[in-house]
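Before any comments, here is the structure.
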Amino acid sequence: MRNRSEQTSGIMYYGWFSVGVAAICVAVVNGFLLKWRKGLKLRKKMQRARAKRQWELQQAEKAVLQFRTRNPGVDLSSILILSLVELRQRIREGSLRPDAVIHAYIQKALEVHRKVNCGTAVLMECLNQLEDLELRKNRPLYGIPISIKDNLDYEGYDSTCGVMTKLDNPALKDSVVVTVLKKQGAIPFIKTNIPQGLLNYECSNPIYGRTVNPCNIEKTSGGSSGGEGALIAAGGSILGLGSDIGGSIRIPSAFCGICGLKPTNNRISLQGLGSCAKGGKTALSAIGPMARDVESLALCMKALLCPDMFTLDPTVPPLPFNQEVYESSDPLRIGYYENDEYHQPSPAMSRALWKTKELLEKAGHTLIPYYPPRMFNTMQEFVLRGNVPDAGCTLLKHFEGGPVDQCLKHQVSLLRCPLFMKKIITLLLGPIYPRVAAGIQGICGVKNVAGLWKQHVEVEAYIHETLAEWRRLEMDVLLCPMLGPAYNFNYTGKLSGALSYTAPYNVLNFPAGVVPVTKVTAEDEDELKHYKGNFGDIWDRTFVKAIQGGVGLPIAVQCVAPPWQEELCLRLMREVEMVWAKKCSNPPH
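Under the UniProt record's numbering, think of the first position of the sequence shown as 1, with each following residue one higher.
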C-alpha cells in the first residue's frame with residue numbers, strides 16, 4: 001500500500017511539475033511573442049513616419065517646381081539674402097509677394113535638409129494659409145516664414161519628441177504660440193529635428209536620424225533644438241522657435257553660429273509644448289526665438305507678446321515688449337565670469353569672453369567680476385537631480401520596446417542602472433572623481449515627496465541668494481562664456497557636467513541668450529592640448545576629445561538678465577553684436 005501510495009504521489013508530483021514547466025514555457029513564449037509583436041508594431045510606426053516625411057518632402061518639391069514654372073521671372077535666391085528687417089519691409093511695401101517668399105524658403109529648406117537632415121515634417125498647409133493672409137497685412141510678421149521645433153504642436157502633425165511612443169498621435173489643435181504666430185501673419189512651414197526624448201544636447205533619434213552641423217558636417221548641431229539651429233544657420237529659415245530646459249536653444253545656436261534667446265519660464269505660453277518628462281518644477285522650460293541676428297529675436301518677441309497671447313493663455317503675465325528698454329543707449333553695469341569653477345571653459349570660450357569684456361569696456365560699459373554661487377551643489381542637486389527627480393522613470397517609459405539612439409546609450413544605461421548599483425558606483429568613484437560621483441548621485445532622484453519639497457525650498461533660497469548678490473554688486477546684466485565649439489558625435493550623453501554654463505539659468509529662471517562672436521583658431525586648438533580642467537577627471541578628458549578638430553567653428557558668449565527682463569537681456573546681446581561688428585569692420589593694422 002505504501003509503495004502504491006508513493007507511486008501515486010510521485011506520478012502526481014511529476015504531473016504537476018510537468019504542468020508547471022509547460023506553463024512557464026508557455027509564459028516565456030507568450031512574453032517573447034508579445035515583445036516581438038510590440039517591436040514589430042513600433043518598427044511599422046517608424047517606417048510610416050519616415051514614409052510620411054518623404055511624401056511631404058516630395059510634395060514640397062512639386063509645389064516649388066509648380067511655382068517656378070508659373071512665375072519664371074521671380075528670383076527666389078535673392079529673397080534669401082535679406083535680413084528679417086529688410087524682408088519684412090519689402091513684403092509690407094509690396095515689392096515682394098508672400099507666396100514668393102514662402103516658396104523661396106521651402107526650396108532652400110529642402111536643399112538644407114538634404115545636406116544636414118534637419119526636418120521632421122513639411123507643413124504643406126502653409127500654402128493654404130496664403131489665401132487668407134491679406135487679412136493679416138497690418139500684423140508685425142505678415143508674410144514671414146517661420147520654422148518650429150518638432151515638439152511644438154501643429155494641428156494634424158505628430159509632436160514626436162524623437163520617441164516612437166508619440167508617433168501616430170497627431171495634435172488636435174495648434175499650440176498657443178503657433179496660433180499667435182499665425183494671427184500675427186507668420187507662416188509656419190516646417191518642423192525640425194530633435195534628440196530622442198529631448199533631454200540631450202545632440203540632435204539624433206531612431207525615427208529621423210541625426211542632424212549634422214552645417215558649419216562642419218562631422219560635428220553635432222547641438223540640441224535639443226538642433227534641427228532649428230542647423231536649418232537657420234544654413235539659410236533654410238529666417239526665424240524659428242525652439243524650447244530650452246538646460247540649454248536647448250542656446251547650445252544649438254552657439255554650435256551653429258546663430259543667435260538664440262531663452263526667456264523666463266512662461267513669458268511665452270507653454271500650452272501645446274510636448275515633452276517626455278513633464279511636471280518638473282526645479283529646472284524650468286521656456287519657448288524662445290532663434291535667428292541670425294539679435295534684431296530678429298527682438299521682433300519675434302515683440303510680435304508674440306501681444307493681446308492674442310495673453311487672451312489665449314491667461315496664465316502668461318500680460319507684459320508687452322518694452323521697446324524703450326531694448327533700444328536704450330545708457331551705459332550698463334555688466335557682471336562677468338570666465339570660469340564657473342565647475343567646468344573649465346575651452347580656450348576658445350575663454351578668449352571670446354575676455355575679448356568681449358574688453359570691447360564692452362571700450363564702448364563705455366562697466367564690467368564687474370562676479371562669481372556664481374555654489375555651482376557644485378547647484379549642478380548636482382538642482383540641475384541633474386532637478387531634471388530627473390524620479391530617477392528618469394518617466395523618461396525611460398518612452399524608450400521601452402524601441403532602439404536607443406547611439407548618442408544616448410551611455411546616458412540611458414546610467415539611468416537604467418539599479419539604484420543600489422548607482423550608490424555603489426558613487427561610493428567607489430567619490431575619492432577619485434568627486435564631480436563624476438556627485439553627478440551619478442544626482443541622477444538617483446529624490447527619495448520621496450518630502451525630498452522634492454525640500455529641493456523646491458532650496459531652489460527658492462538659491463534664487464534669492466543670487467539676486468541678492470546681483471543687488472550687492474549693482475549689476476544690470478551678466479556676461480559669461482557659452483559652451484563651444486560644437487562636439488564630435490556621441491559625446492553629449494557623457495558630458496552632463498559641461499551644462500554648467502547653461503542649465504543653472506533654467507533653475508534660476510533668468511532669461512539668457514547667446515550671440516556668436518568669433519571662431520575657433522589654430523591657436524585655440526593648440527592650447528587645447530594643455531587643457532587640464534578644473535578637476536582633471538574623466539569628464540575633463542572626455543571634453544577635450546569631444547571638441548577636438550574645431551578650427552573654424554563658431555564660438556558665442558552668453559548674456560543673462562533678471563527674471564522677466566528679456567528686453568534687457570536682448571539689449572546686452574545687441575551691444576555685444578554691435579561691438580564685435582565694429583571690431584570686424586575695423587581690423588587692427
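C-beta atoms are modelled at their ideal positions from N, C-alpha and C, and glycine is treated no differently.
Pick from the options: whose alpha carbon is nearest that of residue i?
i    : options                : result
P403 : F376, E465, G162       : G162
C256 : L273, L360, Y201       : Y201
L152 : K281, T120, M164, R139 : T120
P485 : V520, S275, K183       : V520
M375 : S159, L367, L384       : L384
L568 : G497, W580, G240, V325 : V325
Y154 : F189, P140, L130       : F189
D150 : P195, V457, M309       : P195
L172 : D244, V388, Y157       : Y157
S496 : L528, K532, F489, I443 : I443
N117 : C300, E361, K583, I207 : I207
R50  : P98, G209, L80         : G209
I232 : S204, Q89, V112, D537  : V112
F543 : L483, K583, S585, F510 : L483
K191 : G536, G226, S147       : S147
T179 : F420, L353, L305, L299 : L305
In the structure shown, what three-state DSSP assignment does residue i receive?
i           : result
residue 600 : Any answer about residue 600 is impossible in this case: the structure gives the chain only from 1 up to 589.
M290        : strand
L495        : coil
I258        : coil
M1          : Reliability of the predicted coordinates at M1 is poor, the pLDDT of 49 falling under 50, and the value obtained from them is presented with this limitation in mind. Of the three classes helix, strand and coil, the one that applies to M1 here is coil, per DSSP.
R571        : helix
H589        : Any reading at H589 is ruled out, since the residue's pLDDT is 47, under 50, leaving its predicted position unreliable.
E202        : coil
D244        : strand
K582        : helix
V101        : helix
T335        : The residue you asked about is not Thr; residue 335 is Gly in the sequence shown. Three-state result, G335: strand.
I368        : strand
V85         : helix
T165        : helix
L155        : The displayed chain sequence assigns Glu, not Leu, to residue 155. Note: E155 maps to coil in three-state DSSP.
V122        : strand
G227        : helix
N504        : A small fix is needed here, since residue 504 is Pro in this sequence, not Asn. Note: P504 maps to helix in three-state DSSP.
Q558        : strand
T179        : helix
P320        : coil
Y433        : coil
L130        : helix
C480        : strand
R267        : coil
F399        : coil
L239        : strand
A391        : coil
A186        : coil
If contacts are defined as beta-carbon pairs under 8 Å, then residue i and residue j qualify, I think. What distance do you get, rounded to the angstrom?
i    : j    : result
V101 : P145 : 6 Å
L479 : V557 : 6 Å
V514 : I555 : With 8 Å as the limit, V514 and I555 do not qualify as a contact, their Cβ atoms being about 10 Å apart.
G288 : G235 : Contact flag wrong, Cβ pair sits at about 21 Å.
G493 : L408 : 5 Å
L239 : L84  : 6 Å
L452 : N216 : Incorrect: roughly 42 Å between the Cβ atoms, too far for contact.
H398 : G197 : 6 Å
Use the C-beta contact count for residue i: other C-beta atoms within 10 angstroms, 16 or more gives buried, fewer gives exposed.
i           : result
residue 592 : One cannot answer for residue 592 here, as it falls past the ends of the chain, which runs 1 to 589.
H589        : Any answer about H589 is weak, because its pLDDT of 47 lies below 50 and its placement is not dependable; what the coordinates show is given next. Under this definition H589 is an exposed residue.
M1          : Interpretation of M1 is limited by its pLDDT of 49, a score under 50 that renders its predicted location unreliable; the figure taken from the coordinates is listed afterwards. When all chains shown are included, M1 counts as exposed.
K422        : buried
H530        : exposed
I424        : exposed
T211        : buried
H365        : buried
T160        : buried
I81         : exposed
Q59         : exposed
Got a sec: is the Cβ-Cβ distance from residue i to anything in chain D below 8 Å?
i    : result
E460 : The structure shown contains no chain D; it is built from a single protein chain.
- Sufficient close CB pairs (3 or more, under 8 Å) joining the stretch 560-569 to the stretch 467-486: yes
- Is the number of C-beta pairs between the stretch 243-256 and the stretch 497-507 that are closer than 8 Å three or more? yes
- Message: With three or more C-beta pairs closer than 8 Å as the rule, is the stretch 168-181 touching the stretch 121-139?
- Response: no
- Task: Inspect the CB distances between the stretch 207-221 and the stretch 267-274 and report whether three or more fall short of 8 Å.
- Result: no
- Query: Just checking, does the stretch 335-352 make contact with the stretch 286-297 on the three C-beta pairs under 8 Å criterion?
  - Reply: no
- Touching by the beta-carbon criterion (3+ pairs, under 8 Å), the stretch 424-433 and the stretch 307-322: no
- the stretch 346-357 in contact with the stretch 523-541 per 3-pair CB rule at 8 Å: yes
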